[in-house]
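The structure under discussion appears below in the form of structure tokens.
Protein chains: 2
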Amino acid sequence: MDWRSVGFDWNRARAFLVTAEEGSLSAAARALGMTQPTLGRQVSALEEELGVALFEREGTRLALTPAGREMVEHVRAMGEAAANVALTASGQSQSLEGNLCITASEFFSARILAELMVGFRARHPGIQIEIVAANDVRDLRRREADIAIRNTQPTQPDLIARKLGDSTGGFYAAKSLLDRRGRPRDAAEMLALGMIGFCDNAQMVAGLNRMGYPAQDGDFVALSNSHLVQWDMVRAGLGVGVFPCLQADAAPDVERVLPEADPMRFPVWLVAHREVKSNRRVRLAFDYLAEHFPIG
Amino acid sequence: MDWRSVGFDWNRARAFLVTAEEGSLSAAARALGMTQPTLGRQVSALEEELGVALFEREGTRLALTPAGREMVEHVRAMGEAAANVALTASGQSQSLEGNLCITASEFFSARILAELMVGFRARHPGIQIEIVAANDVRDLRRREADIAIRNTQPTQPDLIARKLGDSTGGFYAAKSLLDRRGRPRDAAEMLALGMIGFCDNAQMVAGLNRMGYPAQDGDFVALSNSHLVQWDMVRAGLGVGVFPCLQADAAPDVERVLPEADPMRFPVWLVAHREVKSNRRVRLAFDYLAEHFPIG
DNA sequence: TAATCGCTATGCGTATCTGCATGGATTGGC
DNA sequence: GCCAATCCATGCAGATACGCATAGCGATTA
């Protein structure tokens with residue numbers, strides 16, 4: 001086999017890839033944890049090594065040349081393969097020392113994972129835990145996390161999932177608000193108190209409508225992308241929000257609205273990538289979460 | 001996008017790939033033009049970086065661990081992508097300075113290309129020419145060559161081919177041999193003179209049989225993997241060989257055997273990879289060869 | 001059994017690369 | 001129109017990696 005064709009500096013290819021994807025040397029340097037001069041020199045060296053002008057230096061900005069656009073396609077394939085390498089590698093690692101990344105919604109991260117991880121750390125002190133609180137779904141294939149807690153059953157075949165149960169949710173408002181404005185007896189009265197939702201609350205409105213609540217966009221008095229901020233809004237008496245019963249019932253200054261209504265149910269899934277599941281640290285955490293995760 | 005997963009040292013992945021494929025650090029170092037200690041340290045560093053033992057040091061030899069076997073699959077994908085990067089890069093290079101690699105059979109390389117390239121060099125002095133004389137088919141996709149001259153029409157869709165014509169071939173023997181043993185009047189007499197063929201002459205025997213010559217393995221008195229060596233064998237009077245008419249007819253001390261027989265015809269194709277064809281140097285050489293390549 | 005060959009591991013001097021600090025240039029906002 | 005922010009290019013000191021030389025180990029051979 002002839003290896004001359006792959007004899008160029010692969011790290012320079014990586015520098016080019018990230019620079020092209022991020023749009024600037026500085027951004028790429030931040031993403032890779034390197035400095036901008038280093039990346040700039042690597043990209044320049046790659047251009048010289050391959051004899052191809054990849055970027056057009058127009059003033060202060062870099063723009064891909066046509067050749068660069070062509071090249072980035074292939075380098076991207078290299079990056080995909082590299083991600084698979086890293087994925088498999090982390091799956092092969094059987095060490096109990098190392099880090100572990102778990103992602104969950106903000107609320108679960110703060111109110112459940114934070115406490116659960118205390119017990120896990122006590123059992124496995126060598127494992128450094130990173131919790132990515134994100135309401136959007138993180139890509140386990142790119143190893144943006146090792147373990148995810150999600151509310152939908154994953155469909156990709158290379159993900160391993162275990163259903164932890166159904167979490168119940170309900171409407172909650174501050175006691176002070178209810179004392180002042182009265183406790184609603186039906187959906188219409190609740191909506192009149194003002195709702196608190198997500199920034200893109202079309203999804204939430206649709207969900208409420210599906211459950212029979214005639215919510216409209218105008219019923220929402222405040223929005224936030226953060227569930228925790230929503231929680232503090234509710235506690236401040238700003239309106240009515242939707243929260244998991246298990247956590248919200250424990251708050252003394254907050255009270256369930258329409259307590260006789262059927263609680264919402266949403267499934268809770270524990271998800272890991274198949275490759276990564278073979279990692280000993282991940283397996284331990286996966287089993288620990290499956291055993292101790294509180295569902296209510 | 002999260003780039004942490006591709007943040008490992010890609011050059012170390014390359015070192016691992018070549019080491020695994022070549023079977024030893026020393027062989028990999030030779031293939032990559034590096035030294036064995038460097039590659040050894042890179043592989044060790046990769047193992048530490050990924051937290052995976054890739055090789056088992058059993059005495060003096062390296063053996064892939066199960067984890068390493070799993071890993072090499074993914075790293076190989078990286079290598080494939082890297083080869084595409086190099087391929088595209090060389091296609092994007094429009095410089096008239098640089099090298100150019102042409103492959104052809106030994107005979108074509110020596111008797112045709114060598115002379116043709118004199119004229120090409122005169123026109124384009126900046127282009128350094130490398131001729132890979134190889135009777136086996138070189139992989140243009142891996143860029144083992146930029147241009148190939150072959151005797152079959154390529155089937156892969158990403159190759160660009162132009163038929164230069166049909167080259168004729170015939171049986172040749174040394175005048176001295178024919179003077180001494182007499183000039184054959186039919187195939188049987190020719191075979192009795194002794195044939196000269198390739199090391200794996202099963203293919204050649206089959207070809208002769210297809211053309212109606214009752215050749216057998218025992219008719220061959222000498223074999224060589226090199227067509228040029230065969231030529232010198234024929235000139236030395238060792239036996240009868242098959243050669244292109246255009247070149248063999250020009251040799252004063254060699255004479256055609258069974259001159260009235262139909263000459264063999266085999267097509268001559270000029271082939272380049274589509275990506276590489278856009279390279280200016282390749283395009284120039286491709287067109288030059290298409291124009292000047294002698295067919296007889 | 002001694003010898004040779006091929007492979008890997010390690011020390012050391014040097015060359016290369018990286019990061020830091022800085023300068024120049026452009027864009028966007030007030 | 002000026003100021004601030006952002007980005008890329010460059011000089012310089014230190015860290016890193018490389019190649020060379022060598023030693024150790026195992027297998028094959030005479």
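Here the protein sequences come in this chain order: A and B. 1 is the number of the first residue of the first sequence in UniProt numbering; add one for each residue after it. 1 is the number of the first residue of the second sequence in UniProt numbering; add one for each residue after it. Ideal placement from N, C-alpha and C gives every residue a C-beta, glycine not left out.
Residue closest to residue i, alpha-carbon to alpha-carbon, out of the options
{"i": "Ile-147 of chain A", "options": "A:Lys-277, A:Gly-79 and A:Ala-31", "result": "A:Lys-277"}
{"i": "Glu-255 of chain A", "options": "A:Glu-97, A:Pro-267, A:Tyr-213 and A:Gly-241", "result": "A:Gly-241"}
{"i": "Thr-60 of chain B", "options": "B:Gly-40, B:Met-78 and B:Asp-262", "result": "B:Gly-40"}
{"i": "Thr-35 of chain B", "options": "B:Glu-48, B:Ala-15 and B:Ala-45", "result": "B:Ala-15"}
{"i": "Leu-289 of chain A", "options": "A:Ile-149, A:Phe-266 and A:Ser-224", "result": "A:Ile-149"}
{"i": "Glu-70 of chain A", "options": "B:Arg-76, B:Ser-90, B:Ile-295 and B:Thr-65", "result": "B:Ser-90"}
{"i": "Gly-212 of chain A", "options": "A:Ile-295, A:Ala-187, A:Leu-284 and A:Gln-128", "result": "A:Ala-187"}
{"i": "Arg-12 of chain B", "options": "B:Thr-88, B:Asn-279, B:Glu-48 and B:Leu-113", "result": "B:Glu-48"}
{"i": "Val-72 of chain B", "options": "B:Phe-55, B:Thr-88 and B:Asp-200", "result": "B:Phe-55"}
{"i": "Ile-129 of chain B", "options": "B:Thr-19, B:Asn-225 and B:Val-118", "result": "B:Val-118"}
{"i": "Arg-143 of chain B", "options": "A:Arg-4, A:Ile-295, A:Glu-291 and A:Ala-134", "result": "A:Arg-4"}
Contact set between residue i and chain B, taken where Cβ atoms lie within less than 9 Å
{"i": "Thr-103 of chain A", "result": "Simply none; closest approach about 11 Å."}
{"i": "Met-71 of chain A", "result": "Val-85, Thr-88, Ala-89 and Gln-92"}
{"i": "Ala-63 of chain A", "result": "Per Cβ cutoff of 9 Å: no residues; Ala-63 of chain A is ~16 Å from chain B at best."}
Which of helix, strand or coil DSSP assigns to residue i
{"i": "Pro-37 of chain A", "result": "helix"}
{"i": "Cys-245 of chain B", "result": "helix"}
{"i": "Pro-267 of chain B", "result": "strand"}
{"i": "Asn-99 of chain A", "result": "strand"}
{"i": "Asp-166 of chain B", "result": "strand"}
{"i": "Val-132 of chain A", "result": "strand"}
{"i": "Gly-197 of chain B", "result": "strand"}
{"i": "Tyr-172 of chain A", "result": "strand"}
{"i": "Glu-260 of chain B", "result": "coil"}
{"i": "Glu-80 of chain A", "result": "helix"}
{"i": "Val-137 of chain A", "result": "coil"}
{"i": "Ala-222 of chain A", "result": "strand"}
{"i": "His-292 of chain A", "result": "helix"}
{"i": "His-124 of chain B", "result": "coil"}
{"i": "Arg-12 of chain A", "result": "helix"}
{"i": "Leu-159 of chain B", "result": "strand"}
{"i": "Ser-93 of chain A", "result": "coil"}
{"i": "Trp-231 of chain A", "result": "helix"}
{"i": "Asp-217 of chain B", "result": "helix"}
{"i": "Asp-287 of chain B", "result": "helix"}
Neighbouring residues, chain A, relative to residue i (Cβ below 7 Å)
{"i": "Phe-8 of chain B", "result": "Ala-86"}
{"i": "residue 307 of chain B", "result": "Here chain B comprises residues numbered 1 to 296, so residue 307 of chain B is not present and cannot be evaluated."}
{"i": "Glu-21 of chain B", "result": "Met-1"}
{"i": "Gly-98 of chain B", "result": "Gly-51"}
{"i": "Met-78 of chain B", "result": "Met-78, Ala-81, Ala-82 and Val-85"}
Buried versus exposed call for residue i [16 or more other C-beta atoms within 10 Å across all chains shown]
{"i": "Ala-31 of chain B", "result": "buried"}
{"i": "Glu-275 of chain B", "result": "buried"}
{"i": "Ser-109 of chain B", "result": "buried"}
{"i": "Phe-266 of chain B", "result": "exposed"}
{"i": "Ser-95 of chain A", "result": "exposed"}
{"i": "Ala-272 of chain A", "result": "buried"}
{"i": "His-227 of chain A", "result": "buried"}
{"i": "Ala-81 of chain B", "result": "buried"}
{"i": "Ala-122 of chain B", "result": "exposed"}
{"i": "Gly-239 of chain A", "result": "buried"}
{"i": "Ala-145 of chain B", "result": "buried"}
{"i": "Cys-101 of chain A", "result": "buried"}
{"i": "Arg-210 of chain A", "result": "exposed"}
{"i": "Ala-63 of chain B", "result": "exposed"}
Partner residues on chain B for residue i, Cβ-Cβ distance less than 7 Å
{"i": "Trp-3 of chain A", "result": "Val-18, Ala-31 and Leu-32"}
{"i": "His-74 of chain A", "result": "Ala-81, Asn-84, Val-85 and Thr-88"}
{"i": "Arg-143 of chain A", "result": "Ser-5"}
{"i": "Ala-67 of chain A", "result": "Gln-92"}
Under 8 Å from the C-beta of residue i: neighbouring residues of chain A
{"i": "Ala-13 of chain B", "result": "Trp-10, Ala-82 and Val-85"}
Opposing strand residues paired with residue i [DSSP bridges]
{"i": "Leu-64 of chain B", "result": "B:Phe-55"}
{"i": "Arg-181 of chain B", "result": "Per DSSP, none; premise fails for Arg-181 of chain B."}
{"i": "Leu-25 of chain A", "result": "In the DSSP output, where bridge partners are listed per residue, Leu-25 of chain A has none listed."}
{"i": "Glu-255 of chain A", "result": "A:Ala-173"}
{"i": "Val-282 of chain B", "result": "DSSP lists no partner for Val-282 of chain B."}
{"i": "Ile-147 of chain B", "result": "B:Ile-102 and B:Ala-272"}
{"i": "Val-240 of chain A", "result": "A:Met-195"}
Contacts of residue i in chain B (Cβ-Cβ under 8 Å)
{"i": "Ser-95 of chain A", "result": "Gly-51"}
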